[in-house]
Amino acid sequence: MPVVLSLQGCGANSLARDETLGWSADKLYAEAKEEMSAGNWAAAIKLLEKLESRYPFGRYAQQAQIDTAFAHWKEGENALALAAIDRFSKLYPNHERIDYILYLKGLVNFNDRSNLFTRFTGEDLAERDPKAAREAFDSFKELIARFPNSPYAEDASGRLTYLINMLASNDVHVARFYYRRGATLAAVNRAQAVVKQYQEAPAIEEALAIMMNGYEQLGLAELSADARRVLQKNFPASVYLKSAYDPTVKRPAAIKPPAAPSTFSRLKFW
Numbered sequence: 028m029p030v031v032l033s034l035q036g037c038g039a040n041s042l043a044r045d046e047t048l049g050w051s052a053d054k055l056y057a058e059a060k061e062e063m064s065a066g067n068w069a070a071a072i073k074l075l076e077k078l079e080s081r082y083p084f085g086r087y088a089q090q091a092q093i094d095t096a097f098a099h100w101k102e103g104e105n106a107l108a109l110a111a112i113d114r115f116s117k118l119y120p121n122h123e124r125i126d127y128i129l130y131l132k133g134l135v136n137f138n139d140r141s142n143l144f145t146r147f148t149g150e151d152l153a154e155r156d157p158k159a160a161r162e163a164f165d166s167f168k169e170l171i172a173r174f175p176n177s178p179y180a181e182d183a184s185g186r187l188t189y190l191i192n193m194l195a196s197n198d199v200h201v202a203r204f205y206y207r208r209g210a211t212l213a214a215v216n217r218a219q220a221v222v223k224q225y226q227e228a229p230a231i232e233e234a235l236a237i238m239m240n241g242y243e244q245l246g247l248a249e250l251s252a253d254a255r256r257v258l259q260k261n262f263p264a265s266v267y268l269k270s271a272y273d274p275t276v277k278r279p280a281a282i283k284p285p286a287a288p289s290t291f292s293r294l295k296f297w
């Protein structure tokens with residue numbers, strides 16, 4: 028009997044400690060916004076989750092889901108942020124703020140904090156697993172295509188340019204690896220894909236050099252000459268026109284993440 032009483036007492040104390048019991052939707056949302064403004068993301072998430080569970084059909088329910096995704100991202104919980112984003116996208120594909128959802132998904136995958144990791148390790152971002160970068164690319168691209176006048180389009184465009192350059196450099200890194208290992212055909216095919224998909228990227232120069240030298244090694248003189256012609260036309264001062272391609276020399280220099288575009292600080296997130 029004492030055990031039962033003890034458990035009941037714990038339950039009563041637990042309930043007493045929840046000061047949000049009886050709070051209105053307005054009160055919960057106002058408090059959640061205050062926590063977000065103060066950068067208390069974990070506290071904000073708890074309040075937003077209570078708001079959604081207690082008032083699932085209320086005026087703040089959908090906004091609470093959006094804010095929860097953002098708060099998870101700011102808290103460094105990317106997997107939870109993406110799960111919240113995907114859930115919202117499936118439930119409300121035509122929501123008036125779906126442009127923001129696409130933008131937020133791109134930001135989560137873009138992962139601005141990666142530049143801190145690179146700064147201390149010296150790792151080239153272009154040599155990392157590009158899965159998240161490709162997903163960020165897809166989100167920003169869809170945002171710009173569907174909502175060209177969105178307040179998030181300008182920032183997304185700047186990040187998209189960076190991602191194009193990074194993804195191109197990643198594929199050239201793979202082609203360089205194949206070339207160095209003697210897998211010439213695989214190297215040429217990867218370089219050719221770069222030329223087709225990322226025509227504005229600086230890494231095109233090295234991709235063309237891999238194609239030019241690779242085709243020559245494969246005995247495909249005409250294709251090698253075509254690659255040289257394109258390289259010479261677009262990069263007349265290229266070092267690859269003056270000497271044999273050396274896969275141990277990495278060009279261009281490692282890509283560094285850009286500073287966040289100025290529009291980022293002016294955007295409203297909640």
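Residue numbering for the sequence shown follows the working numbering, beginning at 28 and increasing consecutively. Every residue gets a Cβ at the ideal spot worked out from N, C-alpha and C, and that includes glycine.
With 16 or more other Cβ atoms from the protein chains shown falling within 10 Å of its own Cβ, Ser166 counts as buried. A Cβ-Cβ distance of about 5 angstroms is found for the pair Asn197 and Pro157, placing them in contact under the 8 angstroms criterion. Using a Cβ-Cβ distance cut-off of 8 angstroms, the region 64-71 and the region 93-105 are in contact, since at least three pairs of beta carbons, one from each stretch, lie closer than that value.
Of Met238, Glu181 and Val276, the smallest CA-CA separation from Leu258 is found for Met238. Look at the beta carbons and you see the region 76-84 not touching the region 107-126: under three pairs across the two are nearer than 8 angstroms.
Rounded to the nearest whole angstrom, the CA to CA distance from Arg203 to Asn138 is 26 angstroms. Excluding the 5 residues flanking it on each side, Lys260 has no same chain C-beta neighbour closer than 7 angstroms. If you look at Asn261, you'll find it in the alpha helix (DSSP H) that goes Ala248 to Asn261. When Arg173, Glu227 and Val222 are compared, the shortest CA-CA separation from Tyr127 is found for Arg173. For Lys269, there is no enclosing alpha helix (DSSP H), as DSSP marks it with neither H nor E. Shown here, His99 sits in a helix according to DSSP, grouped into three states. The three-state secondary structure of Thr211, taken from DSSP, is helix. Here Tyr225 is not near Ile171, since their CB atoms are 8 angstroms or more apart.
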